[in-house]
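A.B. asks:
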Amino acid sequence: MMTPEDIASVKQLLASPKKIAIIPHRNPDGDAMGSTLGLYHFLKQKGHEANVISPNEFPDFLAWLPGADTVTVFERQNDAATKILQEAELVFTLDFNTLGRIGEQMENVLKSLTVPFIMIDHHQAPDDYAAYTFSDTNYGSTCEMVYHFINALDEKEYLNKTVATCLYTGIVTDSGSFRYPLTTGTTHRVAAEFIDLGINNSEIHSLLFDNHSHARIQILARALQNLKVLPEYKTSYTSLSQDELNSFGHNKGDTEGIVNYGLSMKGIVFTAFFTENKEEGIIKISFRSKGDFDVNQFARDHFSGGGHINAAGGKSTESLEATIKKFIAILAHTKID
Ligand code: 5GP
Ligand code: MN
Numbered sequence: 007m008m009t010p011e012d013i014a015s016v017k018q019l020l021a022s023p024k025k026i027a028i029i030p031h032r033n034p035d036g037d038a039m040g041s042t043l044g045l046y047h048f049l050k051q052k053g054h055e056a057n058v059i060s061p062n063e064f065p066d067f068l069a070w071l072p073g074a075d076t077v078t079v080f081e082r083q084n085d086a087a088t089k090i091l092q093e094a095e096l097v098f099t100l101d102f103n104t105l106g107r108i109g110e111q112m113e114n115v116l117k118s119l120t121v122p123f124i125m126i127d128h129h130q131a132p133d134d135y136a137a138y139t140f141s142d143t144n145y146g147s148t149c150e151m152v153y154h155f156i157n158a159l160d161e162k163e164y165l166n167k168t169v170a171t172c173l174y175t176g177i178v179t180d181s182g183s184f185r186y187p188l189t190t191g192t193t194h195r196v197a198a199e200f201i202d203l204g205i206n207n208s209e210i211h212s213l214l215f216d217n218h219s220h221a222r223i224q225i226l227a228r229a230l231q232n233l234k235v236l237p238e239y240k241t242s243y244t245s246l247s248q249d250e251l252n253s254f255g256h257n258k259g260d261t262e263g264i265v266n267y268g269l270s271m272k273g274i275v276f277t278a279f280f281t282e283n284k285e286e287g288i289i290k291i292s293f294r295s296k297g298d299f300d301v302n303q304f305a306r307d308h309f310s311g312g313g314h315i316n317a318a319g320g321k322s323t324e325s326l327e328a329t330i331k332k333f334i335a336i337l338a339h340t341k342i343d
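Numbering (the working numbering), first residue to last: 7 to 343.
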């Protein structure tokens with residue numbers, strides 16, 4: 007948690023109504039959208055003029071989140087988003103810890119601001135751009151941290167069903183439905199509290215995981231067909247080219263979660279998923295591991311990325327084929343066990 011002094015200062019900042027911008031990372035996932043919208047509903051109840059500004063579009067499968075229709079998308083609504091940022095008296099950045107994660111243009115706007123920033127995040131190696139930083143890699147999700155933040159402010163009276171619905175979403179998506187090692191007794195107690203507040207947990211799971219388009223299932227099928235296994239490295243990988251994605255008429259978010267299938271095999275402790283994005287001119291890479299193999303370090307060392315020990319991402323500006331070739335070459339001198 008933040009120091010008691012920082013909590014007191016933040017409490018003071020939030021004591022009078024303010025214009026507040028709340029920012030998730032680029033290509034926001036369930037935790038980024040859940041945490042920003044959960045905080046948004048909390049701050050609205052306290053009388054603030056809060057706005058969530060997403061760097062780019064959020065995936066369709068999160069559009070049901072309460073308040074998703076109020077989100078301003080920087081990439082599409084540039085003028086409106088810039089105005090909100092420039093008028094903000096306080097900025098929250100959630101689920102990322104380095105301004106490079108929001109894209110260059112939005113980063114430049116943020117860097118021109120002089121108001122205080124508050125960071126809440128659970129990734130490795132935070133930058134020090136925020137006046138108040140709540141950064142802890144022991145939490146499985148930023149959503150769980152937002153709960154503890156509200157608790158530390160001693161303002162749980164504003165923790166209602168709507169806030170809880172948003173925060174539960176990120177706890178579920180970032181923990182792989184309560185599976186990953188950072189899932190603690192506290193994680194379950196927080197979830198239990200949300201259920202007691204009346205959230206419809208069963209429906210939330212269904213909205214998140216049983217709500218796919220036919221295209222998404224076809225994309226999954228192709229990714230599974232493309233899956234390669236390298237038993238000597240206890241590694242698997244798969245890929246989707248832009249042409250393959252286009253042939254199914256894909257939507258943003260359709261590739262979410264597919265990386266996990268590569269890790270669901272016996273004897274495999276490391277998997278990678280390469281997605282070609284011609285529009286951005288990059289290969290987006292997702293890494294996942296079981297146990298001690300640190301994919302955050304792997305992504306930082308070789309693919310300009312980062313994240314967590316067991317889940318990280320990166321990118322490459324080479325072709326899909328060249329990127330995969332490079333990946334396999336790196337495996338030959340990487341210790342994986
Ligand atoms: P995903 O594979 O689901 O996109 O990302 C897995 C984790 O790694 C997430 O926590 C995400 O925030 C982080 N991550 C993904 N891509 C990048 C990247 O390019 N740089 C950094 N620093 N982290 C990333
Ligand atoms: Mn997260």
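The beta carbon of each residue, even a glycine, is placed where N, CA and C say it ideally should be.
Predicted, not measured: the structure shown is a model, and the values here were computed from it.
#1: For the segment 101-117 against the segment 59-71, do three or more pairs of beta-carbon atoms, one drawn from each stretch, fall closer than 8 Å, so that the two count as touching?
#2: Which of the three DSSP states, helix, strand or coil, is assigned to Asn166?
#3: Taking Gln51 as the reference, give the member of Asp180, Ser22, Leu71 with the closest Cα.
#4: Here's a check: name, in chain order, each residue in its chain whose Cβ is nearer than 7 Å to the Cβ of Asp37, leaving out the five neighbours to either side.
#5: Return the bridge partner residues of Ile126 from the DSSP annotation.
#6: Locate the alpha helix (DSSP H) running through Ser253, then write down its first and last residues.
#7: Using alpha carbons as the reference points, say which of Ile225, His129, Leu226 lies closest to His314.
#8: Name the DSSP beta bridge partners of Ile288, please?
#9: Mind the definition here: the segment 318-338 touches the segment 275-288 only if three or more C-beta pairs lie below 8 Å; say whether that holds.
#10: Going by the DSSP bridge assignment, what does Lys25 pair with across the sheet?
#11: Any heavy atom of the ligand PLP closer than 7 Å to the beta-carbon of His128?
#12: Output needed for Glu81: all residues of its chain with C-beta closer than 6 Å, excluding positions within five of it in sequence on either side, in chain order.
#13: Residues in the same chain with beta-carbon distance under 8 Å from Lys284, minus the five sequence neighbours each way, listed in chain order, please.
#14: Quick one: does the C-beta of Thr148 sit closer than 7 Å to a heavy atom of the ligand MN?
C.D. replies: Taking the definition as stated:
#1: Using a C-beta cut-off of 8 Å, the segment 101-117 makes contact with the segment 59-71, since at least three inter-stretch Cβ pairs fall below that distance.
#2: The count along the sequence shown starts at 1 and reaches residue 166 at position 160. Looking at Asn166 - three-state DSSP - the assignment turns out to be coil, as it is neither helix nor strand.
#3: Position 45 of the sequence shown holds residue 51. Of Asp180, Ser22, Leu71, the residue nearest in Cα terms is Ser22.
#4: Looking up residue 37 in the sequence shown gives position 31. Only residues of its own chain outside the window of five on either side were considered, and among them Asp101, Ser147, Thr148, Cys149, Gly176, Thr179, Asp180 have a CB closer than 7 Å to the CB of Asp37, listed in chain order.
#5: The sequence position of residue 126 within the sequence shown is 120, counting from 1. Per DSSP, Leu100, Phe140.
#6: The residue you call residue 253 lines up with position 247 of the sequence shown. Start and end: 248-253.
#7: Looking up residue 314 in the sequence shown gives position 308. Closest option to His314, Cα to Cα, is His129.
#8: Within the sequence shown, residue 288 is the residue found at index 282, counting from 1. According to DSSP, Ile288 bridges with Asn283.
#9: Yes, they touch.
#10: Counting from one through the sequence shown, the residue named residue 25 turns up at place 19. Looking at the DSSP assignment, Lys25 forms a beta bridge with Glu55.
#11: Only the ligand 5GP and the ligand MN can be found as ligands here, which leaves the ligand PLP out of the picture.
#12: Position 75 of the sequence shown, counted from the start, is the residue given in the question as residue 81. The residues Asn62, in chain order, have a CB closer than 6 Å to that of Glu81 in the same chain once the five nearest residues on each side in sequence are set aside.
#13: Stepping through the sequence shown from its first residue, residue 284 is reached at position 278. The beta carbon of Lys284 is closer than 8 Å to those of Gln248 in its chain, skipping five residues each way along the sequence.
#14: As a working mapping, residue 148 is identified with position 142 in the sequence shown. Set against 7 Å, the gap from the CB of Thr148 to the closest heavy atom of the ligand MN is smaller.
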